[in-house]
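Colleague: Handing you a structure now.
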């Protein structure tokens, strides 16, 4: 029996595989480049230039606009307002979401129906949510003022959206109303995936409800909670619809958050360069807030995988 | 050998399949991207179609013009309606992006400088000067100058001549023993009296438009600035350091606590609804409010309202502040410039202006002297016509320079903070002056 000489492996084999791989992901890369990278690069470039909506890239202005975005009082105030909105809205959504998810987890009857009903705020378009709540908060003819006046609790209309800090609080309430179902869904899914044996063991050991939650449920669900918190913080920083519809940044400038401020600068003042610089400052803020949460999440996931 | 050949063939076939898949994926992506590319916005093939950008308040007028022009010329007209506070953005983006979706653009007159500088409006000087049918001299001069001129050139023709009058509810004033005020001090006293006596019933002496967006809070301020000033407002940079400016700002702050709650949330729509419901004694508003007030389908005060010129301040005189105000211009990228100009001429003509101002719901007010003086207009809205005739000779413009959008926004922001209580009137004006100096 003769053995054939081995066919030499083609020197181009691995290179061809790489090329085919690149060719296969090229459309996806192109999509990412167009959707994400190009706008980001454009924003950075425009922030270094004097640009208006009608005439972009008129001249180079260097770091001036970016420095202004980080040091201007008005701009810094809008960034702080974004923080003032996003953190409470996210934390409260997650906490309330956890409570509701735990209730649904233990619900023996009607849980499915409740879950469907709960999705309604999430399915409501943000603009519509803003319109509905704005009407309910209206000083004359609004639902809340009518109820308060009818119950004799107030003699003058309450300026829910026309006074500070009520306006910001109302925006946070509406955001929580709209996004808590999102948190509930994700946390509920995490609770459903937890191992039952641990609970059975806790029961055998005589752990009560609170002890079980503190020692079993919470540690197991914490990585998911932090993930949901991270997502919700990012979503909350991006708020625009509610501010646009309900307050237009008022009263005064009390709800003029960073995203709304960028809109005003770009599409009402037509100053594209300044808007680009403000966008960069905003991205830095979001990164500063989200990075620690992401780091915490990574640590929890690593600890969980080692356990 | 056979096995290796089979393996080699298999590898070759597998590789070929992968290459084919890659090619197919690339072709698919390319095809998808090509399909995503937008059209040029050109007119439809075959019959000509004029594309007109109209602001929401003039939607009624837009539809009427569409019907009239199509009937008159056979040219199809496509109307696109956008909210009034987005029309400037739309026009500039259309020009800058190259989408060129509009032939004729309705613009807020304060943006004439910004739009002209952004090449979003065509220079119509030669055409307007030559075409006698336009009858330039018939336009109310202050309106024509403010609405159409930038650096000595003409960029549009007036379409809707907006100004404010002081409307009042006859019954509420009579019940409280007050007459329509002629000075801002009288106005304040009347508002206080009516509100103190009636707020438990949900009735207030006045409603103040303090919403920050576009014309609302700006109109409230300019109504006072125009009537406190003894000299005309500089349309390039109004003087906010003058005693008249401070008096105007203070007048807003003094009256706000006695007007319907809460001024910072009230724009025209909310103010109109309150006034038409019969709960408001007085309201500063545009001249077409009269047509809404007489419409029984939406008004509870038909035949129970009146209108007078705005009060005057100490040292000032009654005036017509040009609050809002719209013109029609031609996009430089319109494929058929002559057709676009023809539509503009038609829409701003004597006949159409008279027809639209005497049509309920058109949102159009007089821009021509012939309209103001016509018997038809006077009989359609005698109260408003009489008041307008008194004041339009002293029309006062808002800023119209290319920086006008920024100037108006910074003014609105500071006035909003003033109404909210974060700034005093002096601080609000100083902050605005500082912002304007930086431009």
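Chains as they are written, first to last, in this note's numbering: chain B, 84 to 390; chain Y, 8 to 446.
Cβ atoms here follow ideal geometry from the backbone N, Cα and C, with glycine treated the same way.
#1: Which same chain residues end up closer than 7 Å to residue 220 (chain B) when comparing Cβ atoms and leaving out the 5 residues on each side of it in sequence?
#2: What residue from Y:175, Y:91, Y:287, Y:325 has the CA that sits closest to residue 331 (chain Y)'s CA?
#3: For residue 33 (chain Y) and chain B, any beta-carbon pair shorter than 8 Å?
#4: When the Cα atoms are used, what is the spatial distance from residue 195 (chain Y) to residue 55 (chain Y)?
#5: Taking Cβ-Cβ distances shorter than 8 Å, what residues in chain B pair up with residue 416 (chain Y)?
#6: Using the beta-carbon of each residue, which ones in chain B are nearer than 9 Å to residue 427 (chain Y)?
#7: Quick one: using the 10 Å Cβ neighbour count with 16 as the cut-off for buried, is residue 272 (chain Y) buried or exposed?
#8: Quick one, are the C-beta atoms of residue 339 (chain Y) and residue 129 (chain Y) less than 8 Å apart?
#9: What does the Cβ neighbour count give for residue 58 (chain Y), buried or exposed, with the cut at 16 atoms within 10 Å?
#10: Buried or exposed: residue 97 (chain B), going by 16 or more other Cβ atoms within 10 Å of its Cβ?
#11: Relative to chain Y, which residues along the segment 199-228 of chain B have a C-beta separation below 8 Å, given in chain order?
#12: Report yes if the CB atom of residue 326 (chain Y) is closer than 8 Å to the CB atom of residue 398 (chain Y), and no otherwise.
#13: Relative to the alpha-carbon of residue 343 (chain Y), which residue among Y:95, Y:107, Y:96, Y:163 has its alpha-carbon at the smallest distance?
#14: Enumerate in chain order the residues of its own chain whose CB-to-CB distance from residue 71 (chain Y) is below 7 Å, with the five nearest sequence positions on each side excluded.
#15: Is DSSP giving residue 244 (chain Y) helix, strand or coil here?
#16: May I ask which residues mark the beginning and end of the beta strand (DSSP E) holding residue 483 (chain Y)?
#17: Excluding the five sequence neighbours on either side, which residues of its own chain have a C-beta within less than 7 Å of the C-beta of residue 396 (chain Y), listed in chain order?
#18: List the residues of chain B that residue 243 (chain Y) touches, going by C-beta distances under 9 Å, in chain order.
#19: Would you mind reading off the limits of the beta strand (DSSP E) that contains residue 174 (chain Y)?
#20: Quick one: Cα of residue 295 (chain Y) to Cα of residue 135 (chain B), how far?
#21: Check this for me: beta carbons of residue 318 (chain Y) and residue 234 (chain Y), under 8 Å apart or not?
#22: Please report the straight-line C-alpha distance between residue 298 (chain Y) and residue 333 (chain Y), rounded to a whole angstrom.
#23: According to DSSP, simplified to helix, strand and coil, what is residue 253 (chain Y)?
#24: Listed from N- to C-terminal order along the chain, which residues in the segment 130-143 of chain B have their beta-carbon within a distance smaller than 8 Å of any beta-carbon of chain Y?
#25: Going by alpha carbons, who is nearest to residue 438 (chain Y) out of Y:119, Y:231, Y:66, Y:247?
#26: Give the DSSP-derived three-state secondary structure of residue 30 (chain Y) in the structure shown.
#27: Out of Y:244, Y:352, Y:62, which has the shortest C-alpha to C-alpha gap to residue 87 (chain Y)?
#28: Per the DSSP calculation, residue 113 (chain Y) is bridged to which residue(s)?
#29: State yes or no: is the beta carbon of residue 99 (chain Y) nearer than 8 Å to at least one beta carbon in chain B?
#30: For residue 212 (chain Y), which of helix, strand or coil comes out of DSSP?
#31: Can you tell me which of Y:68, Y:67, Y:60, Y:242 puts its alpha carbon nearest to the alpha carbon of residue 95 (chain Y)?
#32: Could you pull the DSSP bridge partners for residue 167 (chain Y) from this structure?
#33: Would you call residue 42 (chain Y) buried or exposed, if buried means 16 or more other Cβ atoms sit within 10 Å of its Cβ?
#34: Going by C-alpha distance, which of B:336, B:236, B:359 is nearest residue 161 (chain B)?
#35: Below 8 Å on the Cβ atoms is my contact criterion, and I expect residue 176 (chain B) with residue 315 (chain B) to pass it. Report the Cβ-Cβ distance as a whole number of Å.
Modeller: The structure says:
#1: 227, 243, 244, 253
#2: Y:91
#3: In this predicted model, residue 33 (chain Y) has a pLDDT of only 46, less than 50, meaning its place in the structure is not dependable; the value taken from the coordinates is given anyway. Judged by the 8 Å Cβ criterion, residue 33 (chain Y) is in contact with chain B.
#4: 56 Å
#5: 347, 351, 352
#6: 245, 246, 247, 333, 334, 335, 336, 337
#7: buried
#8: yes
#9: buried
#10: exposed
#11: 221, 222, 223
#12: yes
#13: Y:107
#14: 363, 366, 369
#15: coil
#16: In the structure as shown, chain Y begins at 8 and stops at 446. Residue 483 (chain Y) is therefore absent and cannot be evaluated.
#17: 379
#18: The premise fails here: residue 243 (chain Y) is roughly 18 Å from chain B at the closest Cβ pair, so nothing lies under 9 Å.
#19: 171-176
#20: 35 Å
#21: yes
#22: 19 Å
#23: helix
#24: 135, 136, 137, 138, 139
#25: Y:247
#26: Because residue 30 (chain Y) carries a pLDDT of 48, less than 50, the predicted location of this residue cannot be relied on, and no value is offered for it.
#27: Y:62
#28: Y:335
#29: yes
#30: strand
#31: Y:60
#32: Y:333
#33: Because the pLDDT of residue 42 (chain Y) is 38, which lies under 50, any placement of that residue in the model is unreliable, and the number read from its coordinates should be weighed accordingly. Exposed, because fewer than 16 other Cβ atoms sit within 10 Å of the Cβ of residue 42 (chain Y).
#34: B:336
#35: 5 Å
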